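J.:
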Amino acid sequence: MCGIVGYLGEKKATDVILSGLEKLEYRGYDSCGVSFFSNIDNQFITYKDKGRVKHLVEDFNYSLVNHLGIGHTRWATHGKPNQVNSHPHFSRSERFSIVHNGVIENYKELTAKYLPHMKFISETDTEIIANLIEHFTHDLSVEEAIRKTLSLIEGSYALLIIDTTTPHKLYAAKNKSPLLIGVGTDGITLASDVMALIGHAQYYYPIEDKTFTSVTKQANGKYTYELFDIIGKPVTFKLLKIDMVLDEIGKAGYSHFMLKEICEQPSVIRKIMSKYMENDTFFVSPSILSMFEGIDRVYIIAAGTSMHAGFVGKHLLENMPKIPCEVFIASEFAYNPPLLVDNPLFIFISQSGETADLRACLVNVKEQGYKTLTITNVATSTLAREADAYLEIYAGPEIAVASTKAYVGQIVILTILAYLLAPRKPFDLHLELSKVAVSMEAIIDKRDYIHELVKEKITKRNCFYIGRGIDYFTCLEAALKLKEISYIQTEGFAAGELKHGTIALIEEGVPVIAIISQSAINNNTRANIREVTARGANKLVISLENVSDVTDEIILMDVHQLLTPLVTVIPTQLIAFYSALDLNKDIDKPRNLAKSVTVE
Ligand code: M6R
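Okay, so the sequence shown: first residue is 5 according to the numbering used here, each after it adds one.
#1: Can you tell me which residues form a DSSP beta bridge with histidine 76?
#2: Shortest alpha-carbon distance to tyrosine 227 belongs to which of Ile192, Thr568, Ala256 and Ala205?
#3: Alanine 195 and valine 9 look like a contact to me (Cβ under 8 Å); what is the Cβ gap, rounded to whole Å?
#4: Rounded to a whole number of angstroms, what is the C-alpha to C-alpha distance between isoleucine 44 and threonine 220?
#5: Taking the alpha carbon of asparagine 65 as the reference point, which residue from His76, Thr77 and Lys52 has its own alpha carbon closest?
#6: Let me make sure I understand the geometry here. Which of Ala134, Leu231 and Asp346 has the alpha-carbon closest to that of isoleucine 157?
#7: Does at least one heavy atom of ligand 1 sit under 6 Å from the Cβ of alanine 426?
#8: Between the beta-carbon of serine 160 and the beta-carbon of valine 107, is there less than 7 Å?
#9: Can you give me the start and stop residues for the alpha helix (DSSP H) that aspartate 553 sits inside?
#10: Applying the criterion that 16 or more other CB atoms from any shown protein chain within 10 Å of the CB defines a buried residue, is glutamine 222 buried or exposed?
#11: Measuring CB to CB, does valine 563 end up less than 7 Å from serine 443?
#12: Report the partner residues of alanine 176 according to the DSSP bridge assignment.
#13: Taking only heavy atoms of ligand 1 into account, decide whether any of them is closer than 6 Å to the Cβ of leucine 603.
#14: Using a Cβ-Cβ cut-off of 6 Å (strictly less than) and excluding sequence neighbours within five positions of glutamate 511, which residues of its own chain qualify?
#15: Below 6 Å, is the gap between the Cβ of glutamine 355 and the nearest heavy atom of ligand 1?
#16: Could you pull out every residue in the same chain whose Cβ sits closer than 6 Å to the Cβ of threonine 494, ignoring the five residues on either side in sequence?
#17: By how many angstroms is the C-alpha of phenylalanine 216 removed from the C-alpha of lysine 180?
#18: Taking glutamate 535 as part of the alpha helix (DSSP H), name the residues at either end of that continuous run.
#19: Return yes when the Cβ of glutamate 396 is within less than 7 Å of the Cβ of alanine 383, no when it is not.
#20: If alanine 391 sits next to leucine 377, beta carbons under 8 Å apart, how far is it from one beta carbon to the other, in whole angstroms?
#21: For ligand 1, is there any heavy atom lying closer than 6 Å to the beta carbon of valine 367?
#22: Is DSSP giving glutamine 414 helix, strand or coil here?
#23: Are three or more beta carbon pairs between the segment 409 to 425 and the segment 494 to 508 nearer than 8 Å?
#24: Alpha carbons only, please: which of Thr168, His59, Trp79 and Lys589 is nearest the one belonging to isoleucine 489?
#25: Using the Cα positions of histidine 504 and isoleucine 525, report the straight-line distance between them to the nearest angstrom.
#26: Under the rule that 16 or more other beta-carbon atoms within 10 Å means buried, what is aspartate 346, buried or exposed?
#27: Whole-angstrom Cβ separation of aspartate 167 and phenylalanine 232, contact assumed at under 8 Å?
#28: Between which two residues does the beta strand (DSSP E) harbouring glutamate 127 extend?
#29: Is it the case that the Cβ atoms of valine 103 and isoleucine 74 are separated by a distance below 7 Å?
#30: Does DSSP put leucine 593 in a helix, in a strand, or in coil?
#31: Taking its Cβ as the centre, do 16 or more other Cβ atoms sit within 10 Å of alanine 518, making it buried, or is it exposed?
#32: Buried or exposed: aspartate 449, going by 16 or more other Cβ atoms within 10 Å of its Cβ?
#33: Does DSSP put asparagine 323 in a helix, in a strand, or in coil?
#34: Pull up the distance between the alpha-carbon of leucine 362 and that of threonine 529, whole angstroms please.
#35: Please indicate yes or no: does the CB of glycine 308 lie closer than 6 Å to some heavy atom of ligand 1?
#36: For tyrosine 209 and valine 198, which I take to be in contact (beta-carbon distance under 8 Å), what is that distance rounded to the nearest angstrom?
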């Protein structure tokens with residue numbers, strides 16, 4: 005987690021850094037800070053505090069000319085979010101200022117070995133890095149001291165380092181945590197995500213693990229950058245063009261990113277269709293389809309919302325091409341893997357492509373020589389680069405912490421994959437996905453009505469979603485969405501399982517939201533609704549037209565029965581959004597969370 009931005013160039017560094025931090029705030033937002041070199045009085049200035057980037061921008065003075073700086077927005081891993089633990093951190097003499105995204109696993113051992121008498125100012129694992137660099141500069145050049153430090157630290161890091169004695173230089177290094185170098189006509193920007201480079205760089209390069217960079221303003225005024233591996237050998241690389249525009253990361257008139265992203269979902273479906281069609285037929289590279297040849301089982305590895313998309317993917321793979329599939333929570337699979345079949349294929353599903361729990365699994369299964377495929381929204385991400393192949397979701401940047409359009413995009417990609425792998429095509433996919441987009445639009449257009457339902461029904465501190473089969477997967481996702489942004493304790497439950505214990509929690513007025521999209525389970529789930537309403541529950545039923553009852557509160561336009569999760573999830577996202585809105589919660593940045601979970 006945490007977002008970092010650094011700049012050395014002709015622009016005012018603090019402008020580039022602060023606007024970059026605003027765009028990276030989705031990565032962590034409990035505290036933030038910036039260090040910059042003031043050209044007027046040759047001083048390094050650091051501002052940092054608990055709280056949001058907005059305060060960092062408004063509460064401090066950036067009027068001095070400055071062309072070099074580093075900034076950080078934090079999701080705390082070591083020590084409380086407070087001023088002292090905020091980044092940047094300094095070495096003891098304040099010669100080195102650094103920002104860090106990641107976790108240094110052996111910082112205690114390194115302290116005991118190299119700096120046993122050092123009194124640290126903060127509770128973070130980051131301070132050791134600044135102090136080790138300073139310690140090694142007693143005998144080594146700065147670059148050698150940085151490389152020596154990198155060779156000792158274990159864990160994940162994206163680091164930006166300023167040596168306050170050389171304000172024409174900026175250093176950076178990375179391992180596991182993402183870091184991009186952005187090359188513009190008037191300077192170099194380094195950032196955790198391409199979003200912070202837009203407007204300042206035309207080209208970028210995702211820095212490889214265990215690589216070290218030094219950026220320099222030369223005497224002739226040119227900005228140069230070099231990449232080295234940890235032993236100092238130059239690394240060759242190819243710059244990529246930035247093809248994202250600023251509009252894509254704005255709110256486009258919506259009050260919240262989450263609402264914008266919910267409303268974008270019909271166009272995400274259409275965009276994915278256009279990206280995965282050639283000559284009017286769906287197309288995925290033959291080399292990816294051939295990865296499924298001869299496999300005994302697919303293992304889907306994911307976390308949170310992406311794991312819920314994985315459950316739908318299992319249903320699709322087992323129902324269309326009839327490939328056995330298991331879904332695993334990444335953090336569980338990493339350290340407690342199941343007994344694997346002889347010929348597995350691993351699919352990693354991740355919006356960000358940076359989730360550390362998944363990466364731990366990817367590294368592990370690659371070491372065993374297994375085939376790996378990533379489905380991600382970020383083509384430049386670590387999981388995309390490190391798997392054997394990847395499929396891009398094309399949902400566009402998802403900024404709200406609560407994932408909506410990426411979830412739908414993941415399911416569409418899994419649908420296309422399952423469809424292309426199926427020997428007999430069960431329907432016309434183009435037609436059926438088009439119907440999905442229309443059905444989504446119809447319910448999004450009725451969002452004011454859903455807001456009214458929320459006011460009437462979601463009135464307690466707890467809530468249940470119930471459903472069977474494929475609807476149960478949507479219940480899990482719906483419950484996560486509601487709890488994540490409204491803090492209402494919500495459980496997604498298999499409707500038939502409720503009476504085996506959890507029904508004890510049903511009391512007068514507790515909202516129970518049922519999802520019914522399949523005729524095979526219609527009567528059973530309706531029986532479960534009667535059981536809970538008999539005990540006082542305030543029911544809300546989401547159904548599809550062909551299985552609806554006149555008393556159902558939300559009735560969705562019909563879509564193919566295998567594609568219903570794409571539409572049933574939409575009202576649940578809106579329920580979550582309006583519940584959080586009415587409770588006055590910070591919808592796009594819910595407490596304790598971050599968009600990209602880059603620590604295990
Ligand atoms: O980037 P990823 O898809 O790998 O992220 C996985 C989860 O952290 C993520 O889906 C999380 O559960 C969402 N915030 C839920 O809305």
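C-beta: ideal position from N, C-alpha, C; glycine also.
In this text, all values refer to a predicted model and were calculated from it rather than measured experimentally.
T.: Checking against the coordinates, here is how it stands:
#1: Looking up residue 76 in the sequence shown gives position 72. The partner list for histidine 76 (beta bridge, DSSP) reads Ile8 and Gly37.
#2: Residue numbering aside, residue 227 sits at position 223 when the sequence shown is read from its first letter. Of the candidates Ile192, Thr568, Ala256 and Ala205, Ile192 places its Cα closest to the Cα of tyrosine 227.
#3: Position 191 of the sequence shown, counted from the start, is the residue given in the question as residue 195. Position 5 of the sequence shown, counted from the start, is the residue given in the question as residue 9. Contact holds; Cβ gap of about 5 Å.
#4: Locating residue 44 in the sequence shown gives position 40, where the first residue counts as 1. Locating residue 220 in the sequence shown gives position 216, where the first residue counts as 1. Isoleucine 44 and threonine 220: Cα-Cα distance of roughly 20 Å.
#5: By one-based count along the sequence shown, residue 65 stands at place 61. For the residues His76, Thr77 and Lys52, the minimum Cα distance to asparagine 65 belongs to Lys52.
#6: Locating residue 157 in the sequence shown gives position 153, where the first residue counts as 1. Closest by alpha carbon: Ala134.
#7: Position 422 of the sequence shown holds residue 426. False, no ligand heavy atom lies under 6 Å from that Cβ.
#8: Your numbering for residue 160 matches position 156 in the sequence shown. Your numbering for residue 107 matches position 103 in the sequence shown. For serine 160 and valine 107, yes; Cβs fall inside 7 Å.
#9: Numbered from its first residue, the sequence shown carries residue 553 at position 549. From DSSP, aspartate 553 is part of no alpha helix (DSSP H); its letter is neither H nor E.
#10: Position 218 of the sequence shown, counted from the start, is the residue given in the question as residue 222. By the 10 Å Cβ count, glutamine 222 comes out exposed.
#11: Position 559 of the sequence shown, counting from 1, holds the residue named residue 563. Position 439 of the sequence shown, counting from 1, holds the residue named residue 443. Yes, the Cβ-Cβ distance between valine 563 and serine 443 is below 7 Å.
#12: By 1-based counting over the sequence shown, the position of residue 176 is 172. Alanine 176 is bridged to Leu164 and Thr217.
#13: Along the sequence shown, one-based indexing puts residue 603 at 599. With the sequence shown as reference, residue 603 is identified as valine, and leucine is not the correct amino acid for it. Every heavy atom of ligand 1 is 6 Å or more from the Cβ of valine 603, so no.
#14: Locating residue 511 in the sequence shown gives position 507, where the first residue counts as 1. Excluding sequence neighbours, glutamate 511 sits near Gly540.
#15: Within the sequence shown, numbered from 1, the residue matching residue 355 stands at position 351. Under cutoff, so the answer is yes.
#16: On the sequence shown, residue 494 is found 490 positions in, with the first residue counted as 1. For threonine 494, where only same-chain residues beyond five positions count, the Cβ hits under 6 Å are Cys467, Ala483, Leu486 and Lys487.
#17: Here residue 180 corresponds to residue number 176 of the sequence shown, with the count starting at 1. Here residue 216 corresponds to residue number 212 of the sequence shown, with the count starting at 1. Distance between the alpha carbons of lysine 180 and phenylalanine 216 is about 13 Å.
#18: Translated into the one-based positions of the sequence shown, residue 535 becomes position 531. Per DSSP, glutamate 535 belongs to the alpha helix (DSSP H) from 523 to 537.
#19: To locate residue 383, count along the sequence shown from 1; it is residue 379. To locate residue 396, count along the sequence shown from 1; it is residue 392. Taking 7 Å as the Cβ cut-off, alanine 383 and glutamate 396 qualify as a contacting pair.
#20: Within the sequence shown, residue 391 is the residue found at index 387, counting from 1. Within the sequence shown, residue 377 is the residue found at index 373, counting from 1. The pair is a contact, with the Cβ atoms about 6 Å apart (cut-off 8 Å).
#21: Position 363 of the sequence shown, counted from the start, is the residue given in the question as residue 367. Every heavy atom of ligand 1 is 6 Å or more from the Cβ of valine 367, so no.
#22: In the sequence shown, counting from the first residue as 1, residue 414 sits at position 410. In the structure shown, glutamine 414 sits in a helix (DSSP, three-state: H, G or I).
#23: no
#24: Taking the sequence shown and counting its residues from 1, the one referred to as residue 489 is at position 485. Answer by Cα proximity: Lys589.
#25: The residue given as residue 504 occupies position 500 in the sequence shown. The residue given as residue 525 occupies position 521 in the sequence shown. Histidine 504 and isoleucine 525: Cα-Cα distance of roughly 18 Å.
#26: As a first step, residue 346 must be located in the sequence shown, where it is residue number 342. Its Cβ having fewer than 16 others within 10 Å, aspartate 346 is exposed.
#27: The sequence position of residue 167 within the sequence shown is 163, counting from 1. The sequence position of residue 232 within the sequence shown is 228, counting from 1. At roughly 16 Å, the Cβ-Cβ gap does not stay under 8 Å, so aspartate 167 and phenylalanine 232 are not in contact.
#28: Your numbering for residue 127 matches position 123 in the sequence shown. Taken as a continuous stretch (DSSP letters only), glutamate 127 belongs to no beta strand (DSSP E), as it is neither H nor E.
#29: For this step, residue 103 is matched to residue 99 along the sequence shown. For this step, residue 74 is matched to residue 70 along the sequence shown. Yes, Cβ-Cβ distance for valine 103 and isoleucine 74 is below 7 Å.
#30: What you label residue 593 is simply residue 589 of the sequence shown in a count that begins at 1. In the sequence as displayed, the identity of residue 593 is lysine instead of leucine. Of the three classes helix, strand and coil, the one that applies to lysine 593 here is coil, per DSSP.
#31: Position 514 of the sequence shown, counting from 1, holds the residue named residue 518. Buried: at least 16 other Cβ atoms inside 10 Å.
#32: Walking along the sequence shown from the start, residue 449 turns up at place 445. The residue is exposed, with fewer than 16 neighbouring Cβ atoms inside 10 Å.
#33: Working through the sequence shown from its first residue, we reach residue 323 at position 319. Here asparagine 323 sits in helix by DSSP.
#34: The sequence position of residue 362 within the sequence shown is 358, counting from 1. The sequence position of residue 529 within the sequence shown is 525, counting from 1. Computed Cα separation, rounded: 34 Å.
#35: Position 304 of the sequence shown, counting from 1, holds the residue named residue 308. Yes, ligand 1 has a heavy atom inside 6 Å of this Cβ.
#36: Taking the sequence shown and counting its residues from 1, one reaches residue 209 at position 205. Taking the sequence shown and counting its residues from 1, one reaches residue 198 at position 194. Going by Cβ atoms, the distance from tyrosine 209 to valine 198 rounds to 11 Å, so no, they are not a contact pair.
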